[in-house]
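Chemist: Under the numbering used here, the first residue of the sequence shown is numbered 384, with each subsequent residue one higher.
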Amino acid sequence: MTGVELFEGQRARMFGIAYRMLGSAAEAEDVVQDAFLRWHGADHAKIETPSAWLTKVVTNLCLTRLSSARVRREQYVGPWLPEPVPTAGGALGPLETVEQRELVSLGMLVVLERLTPPERAVFVLREAFGHQHREIAEILEIDEAHARQLYSRARRHVTEARRRFPADRAQHEAIVRRFLAATMQGDVAGLERLLAEDVVSWADGGGKITAARRPIVGKAKVLRYLLGFQRRPELKEVSAEIVEVNGQPAWVLRWKWVTAVFVPELDGERVTALRLIINPDKVWAVTNRRPA
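1) Just mark Asn662 as buried or exposed, buried being the case when its beta carbon has 16 or more other beta carbons within 10 Å.
2) For Met491, is the classification buried or exposed, using 16 other Cβ atoms within 10 angstroms of its Cβ as the cut-off for buried?
3) Along the chain, which unbroken stretches of the beta strand (DSSP E) at least 3 residues long are found entirely within the stretch 563-642?
4) Can you list the alpha helix (DSSP H) stretches of 4 or more residues lying completely in the stretch 475-519, in chain order?
5) For the structure I just gave you, are there three or more beta carbon pairs, one from the stretch 593-613 and one from the stretch 504-524, closer than 8 Å?
6) Quick one: what's Val654 bridged to in DSSP?
7) Rounded to whole angstroms, what is the Cα-Cα separation between Lys639 and Thr385?
8) From Thr442 to Trp667, what distance separates their C-alpha atoms?
9) Once DSSP output is grouped into helix, strand and coil, what is the label at Ile430?
10) Below 8 Å between beta carbons: does that hold for Leu444 and Val414?
11) Could you have a look at Leu405 and say whether DSSP puts it in helix, strand or coil?
12) Cα separation between Val494 and Arg637?
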């Protein structure tokens, strides 16, 4: 097997690690490309386990990017949300269990933003890819006790912030479809039944598309926000479909040159969070048109 073939055999796994680490499909692709350049220049005869070597390279490239990403995101216009990735085709690996789907959900990626870069690396490698603490310590070049401490802190932070993730995929999609229909039709009673009292809505336009620059908090305010959307005259020209994004059903709304991804987060049968990604630089994985 050639060096290129060995690398391509690991590409999907490397993208999965980088995306979970960075929350950005574009940056994850760039990391994989950087890893290829390093692989191309390496002496393959001295690499005993290519998968382990590439995992270490990708993880450390992500750690470098995370350090500078925090500064950029502090200067971001409005709320920063992860880039949505369609997952029905297996882009992020198998998502057959509740745990697998939760670990790539937008809600989880937002929670992971609160971790330090080393905590995030340890959590992703352990929870999503099943690495042992000894292996993680070797990847990060720290001792095993430190790796365990980082994982313990990361898991505690995640546990405190996570909500119950829907176990029944069919029921989850049925609720999302009802919610979409109620929103598009301006069904006040239907929306009131579906929205949780403490629901929060975030919109990420990145300063490029008009969007709310602060979270909208509470059932009454979110209801007004959704009804305002429904009253807009261009709604008649909007096409809407349900697509699996980050392991969960989401709306993809298209109007002229604008594409928006609207992801409802559920707790039981109530919508507890709404995440609208409308920044054109962030929906490229859905539109298959990466920005120049």
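For glycine and all other residues, C-beta sits at the position ideal for the given N, C-alpha and C.
The model shown is predicted, which means the values in this text are computed figures rather than measured ones.
Modeler: The short version:
1) buried
2) buried
3) 578-587, 622-628, 631-638
4) 481-487, 489-495, 500-506
5) no
6) Leu578, Leu649
7) 45 Å
8) 24 Å
9) coil
10) yes
11) helix
12) 28 Å
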